[in-house]
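Structure record follows, encoded as structure tokens.
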Amino acid sequence: RIGSASSLSSTIINTRLQELVRLFKERTEKVKEKLIDSDVTSDDESPVASPAAAAVPAPGGELEGDKPSGDEHYCEMLCCTFKRRPWLDSLKSSRFPSSIDPLTNLMYVLWLFFVVMAWNWNCWLIPVRWAFPYQTPANIHCWLLVDYLCDLIYLLDILLFQTRLQFVQGGDIITDKKAMKENYLRSQRFKMDVLCLLPLDFFYFKVGVNPLLRFPRCLKYMAFFEFNNRLEAILTKAYIYRVIRTTAYLLYSLHVNSCLYYWASAYEGLGSTTWVYDGEGNSYIRCYYWAVKTLITIGGLPDPKTLFEIIFQLLNYFTGVFAFSVMIGQMRDVVGAATAGQTYYRSCMDSTIKYMNFYRIPRTVQNRVKTWYEYTWHSQGMLDESELLVQLPDKMRLDIAIDVNYSIVSKVALFQGCDRQMIFDMLKRLRSVVYLPNDYVCKKGEIGREMYIIQAGQVQVLGGPDGKSVLVTLKAGSVFGEISLLAAGGGNRRTANVVAHGFANLFILEKKDLNEILVHYPESQKLLRKKAKKMLRSNNKPRDEKGGPGAALVIPPRAGTPKLFRAALAAAGSTAGRRPLARLRWRLKELQAMQE
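First residue of the sequence shown? That's 1 in full-length UniProt numbering, and the numbers climb one at a time after it.
Written out as structure tokens, the structure reads:
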């Protein structure tokens, strides 16, 4: 019993000692990592505030916890406390901006929309009210109400918005109120805005409510073109708006022509000849139909009889041919600009197919090339992303690269702790490549000159005796091949085959680009060398015969014999040939031979 108790206590002590040794080793490794990588966070938890500190009395004598929180929106009145709605606070705190950026402020674009709506009211309705008998004494108050509402929008645009628009002078953005106001007063825009608000309405008292007196309101065309530019800048598919706008130009020209035709018919007398409008049916629809046939030169119109009708018809034909050709040319430009990318893609694909047919490339290869073109175009909307960014300044290219790639590159263990600016320079060197299904990204034994970052899709690492067994599947955000960038002395050969599983979009960083960057960052270069050596040592650890990472042993290897015990065994063997210690030594040798 005494012997069993002592053996049990010694076993517990040995286990405890081994546990302490393991903990000391782990702590030593962490200290080494902190010395090498300064960005490693501390394992110590941040101190938690004590309950006593949270209950410090406020200057008024009450505890902080006794007061209602800011999210409750309480309002104290006399002896009662009421809840206050949060939107009232935001409404009270909101103020009209002292300066407006016309290029990026969406509120200004929305305001321009209302200004353009008022401008369109005047442009479309003034000719109708002048030519057709739609404005009557019974509904004159409705027309005047909308007219003066549009005038109010014009006036607010001059007083509140145009005098607060920022402008660039000498490379600086001017936001001073006085300078912005003076810049607007000196501009051509101010002269046109004042001209379009001429108070010709006072002549109503003398000649009656004549819509032609409001014709200067149509001179606010500069707001319309500014709204077009701002809206196209924020739309993802601006060509759709361009097509709608060009169609509106055509409809407006037909609208004006229909108004002129009714005026000419009323001047000659409705139904006086076969050429004029006969006064039957809906007057606007019938006149618009005549305008469409005239401007588009369809034909089939009655011949004019009088000199006035002949001159009017000739002017319509000339104007129609000119306007219609301009509209067709503008529509062609709009559609051509909208499909410019598709046309470029088709031309590149046709040239490549012609080249492959000339050199009699096998049909299987041609099909893979066509598949690459189609997938690259449909997934990216372009064949080469660098073509779009080459015209941008270096700073803007860096900003785009950070937004697109930094979240992926920052997760690479090899680059953690490196200079942040070095990573930014590296982002600009990344190159996007698309791999088709079953394409080899890299093969075992070849020299590694690139690192790969998976942007989309999956790749499979193949191994095993036949080289076709799937060892692991890497998904989007994974990185492989990073050790090859810094390995030297023949250690940069690929150790496995990597195949694209489906379509895969990868970012590639070449070794020569990284070396050019590391020249300017020697500290990061040293850190990368250390990390690469450490990763190589971990990858080159001994493996079992099957090449796996070490299978679980049925009989674990015995621990090494302590040096003091081996010395005692040697002394016992030299002094007493077959004593108990000598027999134990012989038994240990026999067990070691059996285990080997």
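The beta-carbon is built from N, C-alpha and C at its ideal position, and this holds for glycine as well. Fair warning: this is a prediction, and the values are worked out from it, not measured in the lab.
TODO: Out of Gly464, Gln455, Asn210, Lys177, point me to the one whose CA is closest to Leu509's CA.
DONE: Gln455
Between the alpha carbons of Val433 and Lys370, how many angstroms are there, rounded? 15 Å
> Do Thr273 and Thr294 have their C-beta atoms closer together than 9 Å?
Replying inline: no
Any heavy atom of the ligand SAM closer than 8 Å to the CB of Ser187?
Of ligands this structure carries none, so the ligand SAM is not represented either.
Item checked: Other residues of its chain near Val276: CB distance less than 8 Å, five sequence neighbours each side excluded -> Ala264, Ser265, Glu268, Gly269, Leu270, Glu309
Q: Report the option in Asp350, Cys259, Ala500 whose CA atom is closest to the CA atom of Asn316.
A: Cys259
When Gln166, Val109, Ile158 are compared against Ser99, the one with the closest alpha-carbon: Gln166
| said: Only counting the same chain, and skipping five residues up and downstream in sequence, which positions put a Cβ closer than 6 Å to that of Gln162? | reply: Tyr184
Quiz prompt | Alpha carbon of Met382 to alpha carbon of Tyr261, nearest angstrom | solution = 50 Å
Q) Should Thr376 be labelled buried (16 or more other beta-carbon atoms within 10 Å of its own) or exposed? A) buried
**Q.** Buried or exposed (CB count within 10 angstroms, at least 16 for buried), His255
**A.** buried
- Message: I'd like to check one pair, Tyr108 with Arg230: are the Cβ atoms closer than 9 Å?
- Response: yes
Pair every Cβ in the region 494-506 with every Cβ in the region 437-444, then say whether three or more of these pairs are closer than 8 Å.
-> yes
- Item | Which of helix, strand or coil DSSP assigns to Asn228 | helix
Going along the chain, which residues of its own chain have a beta-carbon closer than 8 Å to the beta-carbon of Met180, five neighbours each way excluded? Ser99, Thr163, Arg164, Leu165, Gln166, Phe167, Ile174
Worksheet item: What does a CB cutoff of less than 7 Å around Phe324 pick up in its chain, not counting 5 residues either side in sequence?
Response: Leu295, Ile296
> Can you name the start and end residues of the beta strand (DSSP E) that His255 belongs to?
Replying inline: Note, His255: premise wrong, no beta strand (DSSP E); alpha helix (DSSP H) at 238-268.
Check your understanding: For residue 597, which of helix, strand or coil comes out of DSSP?
Key -> Residue 597 cannot be examined here, being either before or after the span of the chain that is shown, 1 to 596.
Alpha carbon to alpha carbon, how far is Thr11 from Arg27?
25 Å
Determine the extent of the alpha helix (DSSP H) in which Arg332 is found, giving its start and end residues.
307-338
For this session: Grab me the residues of Pro211's own chain with a C-beta within less than 6 Å of its C-beta, minus the 5 sequence neighbours each way, in chain order.
Result: Ile126, Arg129, Trp130
| Among the residues of its own chain, which have a CB less than 7 Å from the CB of Val459, if the five just before and after it don't count? | Val441, Leu474, Val498, Val499, Ala500, His501, Ala504
- Task: Quick one: give me the first and last residue of the beta strand (DSSP E) that Leu462 is part of.
- Result: 450-463
Helix or strand or just coil, what does DSSP make of His501?
strand
- [ ] Give the DSSP-derived three-state secondary structure of Cys442 in the structure shown.
- [x] strand
*Would the beta-carbon of Asn515 fall within 9 Å of that of Ile447?*
no
Using beta-carbon positions only, say whether Val412 and Val335 come within less than 9 Å of one another. no
Margin query: The alpha helix (DSSP H) that contains Gln380, what's its start and end?
Written below: 363-380
Would you report the Cα separation of Asp399 and Leu527, rounded to the nearest angstrom? 26 Å
Give the DSSP-derived three-state secondary structure of Ser432 in the structure shown. strand
Determine, using beta carbons only, whether Glu226 and Pro102 come nearer to each other than 9 Å. yes
### Integer-rounded CB distance, given that Thr364 should sit under 8 Å from Lys444
Incorrect: roughly 24 Å between the Cβ atoms, too far for contact.
Could you check where the beta strand (DSSP E) with Gln188 kicks off and where it finishes? Careful: Gln188 lies outside any beta strand (DSSP E), inside the alpha helix (DSSP H) at 188-196.
Q) In whole angstroms, what separates the C-alpha of Ala223 from that of Trp143? A) 23 Å
- Message: Since Trp121 and Val146 should fall inside the 8 Å C-beta cutoff, what is the C-beta to C-beta distance between them, to a whole number of angstroms?
- Response: 7 Å
What are the partner residues of Val479, as DSSP defines its beta bridges? Ile453
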